[in-house]
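Participant: Pasting a structure below so you can have a look.
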Amino acid sequence: MAAASLEVREVSVGYGPVRALNAVSVDVPEGAVVAVLGGNGAGKTTLLRAISRTLRFHGGTIGSGSVVFAGRRLDGLTPDRVVAAGVVQVPEGRQVFARMTVADNLRAGALGAGGGRRAVAEARSRVHDLFPVLAERAHQRAGLLSGGEQQMLAMGRALMARPRLLLLDEPSLGLAPLMAERIAETVREINAQGTSVLLVEQNAAVALRLASKAFVLEVGEVALAGPADELAASDEVRRRYLGIADDPAPGSASAAPAPVPALRRWSA
Ligand code: ATP
1262 MAAASLEVRE VSVGYGPVRA LNAVSVDVPE GAVVAVLGGN GAGKTTLLRA ISRTLRFHGG
1322 TIGSGSVVFA GRRLDGLTPD RVVAAGVVQV PEGRQVFARM TVADNLRAGA LGAGGGRRAV
1382 AEARSRVHDL FPVLAERAHQ RAGLLSGGEQ QMLAMGRALM ARPRLLLLDE PSLGLAPLMA
1442 ERIAETVREI NAQGTSVLLV EQNAAVALRL ASKAFVLEVG EVALAGPADE LAASDEVRRR
1502 YLGIADDPAP GSASAAPAPV PALRRWSA
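When you number the sequence shown by this note's numbering, it's gap-free, plus one each residue, and the end is 1529.
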């Protein structure tokens, strides 16, 4: 089997006349957690839609560029084929089937991923180990779960398709800090079990702790890219995405900004 690495090359996307991504290139090596940061409207969700081939449900199209996963072009496939190829997206906003039970939501996640009963049972047991509450509440309607539990269910449903690469869109959005921390821990565990993760987050502090590498999008373009620890140390990221002023106390030894040689500033 080819290495499950993702290569997004020079992808441009438009929604009608609106240009949302301009020649964006992003890599996710096999086994990695890679973060995509950026403010509102930067194009983070659009990037995930371009990979999962769900753009057209939102009126978007890829104008140019390519998306390759495990040596195979994804652009040109239908969304269900992308899932079958091992790439599964958890959309923003905790989208669960509210009227269906938790168990049926998980069952729906396994549809289209192939594999027999045994594979589905193994996937379910992995999900229940990660999120015990989904086993406890299996027969309740998903709409009755708390926001954090619905996020767990959305992630659990995606895992039922046994992805090699999970695309996560703002999993901690709107959650209380403790729940956001639990979700982050689970992302780490999912990754430790062998699933690569492309994580879109506005919460840069959480994302940079989880990821080994990060990309910063600004108005549809990659503005910065580099190892997550170096991005976390860069003044620009600290000021703009971590809310930390780079105005050190007078006389502080840390007055000189640390050099971040591996960061690349991208020009259009
Ligand atoms: P946020 O963090 O607010 O979700 P984002 O970084 O995920 O933002 P996108 O949702 O990808 O950004 O949006 C990128 C650009 O594309 C924005 O200008 C947005 O208004 C536009 N856009 C997104 N979805 C659509 C759509 N369905 N139709 C038209 N324009 C859209």
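Don't be surprised by glycine CBs; every beta carbon is placed ideally from N, CA and C.
Determine the burial state of S1528: buried for a count of at least 16 other Cβ atoms within 10 Å of its Cβ, exposed for fewer.
Facilitator: One-based indexing of the sequence shown puts residue 1528 at position 267. Any reading at S1528 must be qualified, since the residue scores a pLDDT of 41, below 50, and its modelled position is unreliable; the value itself is stated next. The residue in question, S1528, is exposed, as its Cβ has fewer than 16 Cβ neighbours within 10 Å.
Participant: How many angstroms separate the CA atom of A1399 from the CA atom of Q1350?
Facilitator: Your numbering for residue 1399 matches position 138 in the sequence shown. Your numbering for residue 1350 matches position 89 in the sequence shown. Rounded to the nearest angstrom, the two C-alpha atoms are 22 Å apart.
Participant: So who's on the other strand from D1490, going by DSSP bridges?
Facilitator: Sequence index remark: in the sequence shown, residue 1490 carries index 229 (1-based). In the DSSP output, where bridge partners are listed per residue, D1490 has none listed.
Participant: Leaving aside the five residues before and after A1359 along the sequence, list all residues of the same chain whose C-beta is less than 6 Å from its C-beta, in chain order.
Facilitator: Residue mapping note: residue 1359 aligns to position 98 of the sequence shown, counting from 1. Excluding sequence neighbours, A1359 sits near A1403 and G1404.
Participant: Mapping DSSP to helix, strand and coil, what is V1357?
Facilitator: Against the sequence shown, residue 1357 aligns to sequence position 96. When secondary structure is reduced to three states using DSSP, V1357 falls in the coil class, being assigned neither helix nor strand.
Participant: Taking the alpha carbon of V1480 as the point to measure from, which residue in A1441, R1270, L1391 and R1280 has its own alpha carbon closest?
Facilitator: Position 219 of the sequence shown, counted from the first residue, corresponds to residue 1480. When only C-alpha atoms are compared, the closest one is R1280.
Participant: Taking buried to mean at least 16 other C-beta atoms within 10 Å of its own C-beta, is T1307 buried or exposed?
Facilitator: By 1-based counting over the sequence shown, the position of residue 1307 is 46. Result: buried.
Participant: Identify the residues that DSSP records as bridge partners of A1296: which are they?
Facilitator: Within the sequence shown, numbered from 1, the residue matching residue 1296 stands at position 35. DSSP lists L1460 and A1475 as partners of A1296.
Participant: Considering just the uninterrupted stretch of the beta strand (DSSP E) at G1275, what are its terminal residues?
Facilitator: Within the sequence shown, numbered from 1, the residue matching residue 1275 stands at position 14. Residues L1267 to Y1276.
Participant: In whole angstroms, give me the CA-to-CA distance for V1285 and R1310.
Facilitator: Along the sequence shown, read from residue 1 onward, the residue named residue 1285 stands at position 24. Along the sequence shown, read from residue 1 onward, the residue named residue 1310 stands at position 49. Taken atom to atom, the span from the alpha-carbon of V1285 to that of R1310 is near 13 Å.
Participant: Hey, R1355 and Q1412: beta-carbon distance below 9 Å or not?
Facilitator: Residue 1355 sits at position 94 when you count from the first residue of the sequence shown. Residue 1412 sits at position 151 when you count from the first residue of the sequence shown. Yes.
Participant: Since V1363 is in the alpha helix (DSSP H), which residue starts that stretch and which ends it?
Facilitator: For this step, residue 1363 is matched to residue 102 along the sequence shown. V1363 to A1371 is the span of the alpha helix (DSSP H), which, as asked, contains V1363.
Participant: Apart from the five residues just before and just after H1319, which ones in its own chain have a Cβ nearer than 8 Å to its Cβ?
Facilitator: On the sequence shown, residue 1319 is found 58 positions in, with the first residue counted as 1. Within the same chain, Cβ atoms closer than 8 Å to the Cβ of H1319 are found at Y1276 and R1310, the five residues on either side in sequence being excluded.
Participant: Can you give me the C-alpha to C-alpha distance between S1433 and G1299, rounded to a whole angstrom?
Facilitator: On the sequence shown, position 172 is the one that residue 1433 refers to. On the sequence shown, position 38 is the one that residue 1299 refers to. Their backbone Cα atoms lie some 15 Å apart in a straight line.
Participant: Could you check what DSSP says for R1280 in three-state terms: helix, strand or coil?
Facilitator: In the sequence shown, the residue the question calls residue 1280 occupies position 19. The answer is strand: DSSP assigns R1280 an E or B state.
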